[in-house]
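Q:
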Amino acid sequence: MSFERYGGPDFETIGFPLSVSSPRVTAAAPFPYAGLLALAGVGFVAVTGELLPTGLLPQMARDLGVGLSTAGYLVTIFAATVVVATTPLSALTRRYPRKQLLVVILLIMAAANFAAALAPTYAFLVGARILGGLALGLCWAVVAAYPAHLVPAQQLGKSVAFTSGGVTAAFVLGVPISTAVGNASSWRVAFTAIGVVAVLLAAILVALLPPIRHLVERKAGEEEVRFRREPSLKPVLLLCAVILVLLAGQNAFYTYIASWLTEVSTFGMDSVALVLFLYGGAGIIGLAAAGYAADRFPRRGFAAAVLIVIAAVGTLIAAAGNTGVVLAAIVVWGAAFGGLPAMIQTRMLRTASARIRDLAAALQATAFNIGIASGALLGGLLLDNVGLSLLPVALIVLMAAVLVLAVATDVISGRRERLRLTVG
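Each residue of the sequence shown is one higher than the one before, starting from 2 at the first, in our numbering.
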């Protein structure tokens, strides 16, 4: 059976029972636009809050009396907290209703952003970011698995692309607008604003998000499968490796994009918000394409998007002094990268069995944030020791590694599937 051709395995056919505590979703059921829109809102708040320092690093560094790379480590600290906390928190809250848990998570995010806005020192701000990271880690573990409980397998690509629209909106609107607000007033006002949005979204979730019964119970007489013997675990871990390297490459450069634009390229600080807006807006195109590609040709679509990112960033290196070319390359980069997370999340949901779907979501969130943290850290080290000009080179090298890992994952997953069919 080819995942490329059929869009993923039938879990019941290969021995992975669907949740008996959740009603079966069918292709005939209405597409849950309202619920997915609410999940998209969660992604918007989460990503805007996580990346909010990106466009405001110079201002935050000056206000707090720290270096630029030290301010950049706020992204690393946030992501590192997610890495450490996601899987344990997911296990501790495994039996809690998902909808109610998301509401609580959003309120904690709001509190973390309000605390950041009031931070008198860098150390206090670090504490606020750690609190936000704890909430975000659990948030991704819940949100990543939610669409699989709302739609049938053949609509996963569409539903994940829809919910990922919130992440894209964060790049299109959240980060650029918060950057503009911060530059017009202060970075503290930007943190306050995203905290208010989180509180409002918590109320929207109560009204729009359908509750789910997410726990998978064993059928009568069915033996429990040991964690280490779970057939879909190895492919899930391989996909996590792809995610980690992908996000590390992206964030080694993107975390410091404001400084690159103003110091290596020809842009003024007042133009950074517009450039980030164009980058995020282009991501809408990539996300729309991802919804189509993830359900029809996920592997080739993923590889093509990575190659386009490499070409676009290579153009930035070659034409850093040409404003028009840089803008065009950033738009292409944004469009290509915009669909990659949705494509790989769709594949993760199709690869993980129903038994480990929540675990896979937690591992995916961990991999994403290891990538974000290590990327921001790598970028900071390169910035201090080599300079801004090498950051896009690091992105290109790591994106090439993503292609190698993705091919290896396809080969191993294909062998496992052929073996299963032979044994069957």
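Just so you know, even glycine gets a beta-carbon here, dropped at the ideal spot from N, CA and C.
None of these values were measured; they are calculated from a predicted model.
Between the C-alpha atoms of Ala402 and Leu384, what's the straight-line distance to the nearest angstrom?
A: As a working mapping, residue 402 is identified with position 401 in the sequence shown. As a working mapping, residue 384 is identified with position 383 in the sequence shown. Approximately 21 Å between the Cα atoms of the pair.
Q: Roughly how many angstroms lie between the CA atoms of Leu277 and Ala47, to the nearest whole one?
A: For this step, residue 277 is matched to residue 276 along the sequence shown. For this step, residue 47 is matched to residue 46 along the sequence shown. Distance between the alpha carbons of Leu277 and Ala47: 17 Å.
Q: Measuring only the C-alpha atoms, how far is Ile285 from Gly128?
A: Along the sequence shown, one-based indexing puts residue 285 at 284. Along the sequence shown, one-based indexing puts residue 128 at 127. So the alpha carbons of these two residues sit roughly 33 Å apart.
Q: What is the residue span of the alpha helix (DSSP H) that Gly158 lies within?
A: Here residue 158 is taken as the residue at index 157 of the sequence shown, counted from 1. It spans Leu157 to Ala170 - the alpha helix (DSSP H) in which Gly158 sits, taken as one unbroken run.
Q: Just to confirm before moving on: does the CB-CB distance between Leu248 and Gly372 stay below 7 Å?
A: As a first step, residue 248 is located in the sequence shown; it is residue number 247 there, counting from the start. As a first step, residue 372 is located in the sequence shown; it is residue number 371 there, counting from the start. The answer is yes: Cβ separation under 7 Å.
Q: Quick one: is Pro24 buried, meaning 16 or more other Cβ sit within 10 Å of its Cβ, or exposed?
A: Stepping through the sequence shown from its first residue, residue 24 is reached at position 23. Below a pLDDT of 50, predicted positions are generally treated as unreliable, and Pro24, at 43, falls in that range; no measurement from the model is reported.
Q: Could you tell me the boundaries of the alpha helix (DSSP H) in which Thr316 lies?
A: What you label residue 316 is simply residue 315 of the sequence shown in a count that begins at 1. Thr316 -> alpha helix (DSSP H) spans Pro299 to Ala319.
Q: Near Arg95, which residues of its chain fall below 7 Å by C-beta distance, leaving aside the five closest residues on each side in sequence?
A: If you number the sequence shown from 1, residue 95 lands on position 94. Closer than 7 Å at the Cβ level, and outside the excluded window around Arg95, lie Asp359.
Q: Please name the residue, chosen from Asn323, Gly281, Val314 and Val394, that lies closest to Leu379 on a Cα-to-Cα basis.
A: Counting from 1 along the sequence shown, the entry for residue 379 is found at position 378. Leu379 has its Cα closest to that of Val394, out of Asn323, Gly281, Val314 and Val394.
Q: Look at the Cβ atom of Ala283, then the Cβ atom of Val332, and state whether they are nearer than 7 Å.
A: Taking the sequence shown and counting its residues from 1, one reaches residue 283 at position 282. Taking the sequence shown and counting its residues from 1, one reaches residue 332 at position 331. In contact: Ala283 and Val332 (Cβ atoms closer than 7 Å).
Q: Less than 7 Å separating the beta-carbons of Leu135 and Thr87?
A: The count along the sequence shown starts at 1 and reaches residue 135 at position 134. The count along the sequence shown starts at 1 and reaches residue 87 at position 86. Going by C-beta atoms, Leu135 is not nearer than 7 Å to Thr87.
Q: Do you know offhand how far Leu65's Cα is from Ser165's?
A: Within the sequence shown, numbered from 1, the residue matching residue 65 stands at position 64. Within the sequence shown, numbered from 1, the residue matching residue 165 stands at position 164. Using only the alpha carbons, I get a separation of about 33 Å.
Q: Going by DSSP in three states, Phe268 sits in which element: helix, strand or coil?
A: Residue 268 sits at position 267 when you count from the first residue of the sequence shown. Coil at Phe268, not helix or strand.
Q: So, are the CB atoms of Ala361 and Ala353 less than 7 Å apart?
A: Translated into the one-based positions of the sequence shown, residue 361 becomes position 360. Translated into the one-based positions of the sequence shown, residue 353 becomes position 352. Yes.
Q: Between the Cα of Leu389 and those of Ile78, Ala253 and Val327, spot the shortest distance and give me the residue it belongs to.
A: Locating residue 389 in the sequence shown gives position 388, where the first residue counts as 1. Of Ile78, Ala253 and Val327, the residue nearest in Cα terms is Ala253.
Q: So is Val152 buried or exposed if we call it buried at 16+ other beta carbons inside 10 Å?
A: Numbered from its first residue, the sequence shown carries residue 152 at position 151. Val152 comes out buried.
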